[in-house]
Amino acid sequence: MAKIPAIKSSNLFPVVGIGASAGGLNAFKELLKAIPEDSGMAYVLVQHLDPSHESLLPEILQKVTKIPVLEIADDIKVLPDHIYVIPSNKMMMATDGILMLAPRPAKSKTERNLPIDLFFKSLAEVHQEHAIGVVLSGTASDGTLGLKAIKEQGGITFA
Numbered sequence: 014m015a016k017i018p019a020i021k022s023s024n025l026f027p028v029v030g031i032g033a034s035a036g037g038l039n040a041f042k043e044l045l046k047a048i049p050e051d052s053g054m055a056y057v058l059v060q061h062l063d064p065s066h067e068s069l070l071p072e073i074l075q076k077v078t079k080i081p082v083l084e085i086a087d088d089i090k091v092l093p094d095h096i097y098v099i100p101s102n103k104m105m106m107a108t109d110g111i112l113m114l115a116p117r118p119a120k121s122k123t124e125r126n127l128p129i130d131l132f133f134k135s136l137a138e139v140h141q142e143h144a145i146g147v148v149l150s151g152t153a154s155d156g157t158l159g160l161k162a163i164k165e166q167g168g169i170t171f172a
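For the sequence shown, this note's numbering assigns the number 14 to the initial residue and increments by one for each residue that follows.
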């Protein structure tokens, strides 16, 4: 995915990136049950998904929260009090108020697919102190470098 020049976001509300491995469904559900409907934050869920299967994650998660859960299709504007879910077989980056999708790169023997790190790094660059990163579970070290980037930009991290 081509690097997009970082422009500080004009959004003044927090954007929370939440990463999990393929087995993170229960962790997502428990977390979303605890989020108030009017927190004023946007939530973006990045999960390691099977690229060959369509995800039912938005439908499953909508059953545990009253906050609107949307699967990202094309590029979508980020709004507070919404939950956004990455579709399977995609990579995602944050730009000023927009979540941008790109095709997932072909599997490589030398490079690992790190969708959580990619999203968290872009979140840090654009949303800076309004970025929050949460890793519920991860595949290998995915999320580690992204959390570091968020922390370096003055954001908040949890792992």
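The C-beta atom is built at its ideal place from N, Cα and C for all residues, glycine as well.
Computed from a prediction, not measured in an experiment: that's the story for all the values here.
Here DSSP, grouped into helix, strand and coil, assigns Ala55 to strand. CA-to-CA, the gap between Gln166 and Glu67 works out to about 34 Å. Contact annotation, Ser135 with Met106: C-beta distance approximately 4 Å; criterion of less than 8 Å satisfied. Under the DSSP assignment, Gly30 falls in the beta strand (DSSP E) whose first and last residues are Val28 to Ala33.
Counted as a single uninterrupted DSSP element, the alpha helix (DSSP H) harbouring Thr157 occupies residues Thr157 to Glu165. Residue environment: Phe41 is assigned as buried (16 or more neighbouring CB atoms within 10 Å of its CB, all protein chains considered).
DSSP places Lys46 inside the alpha helix (DSSP H), whose first and last residues are Leu38 to Ala47.
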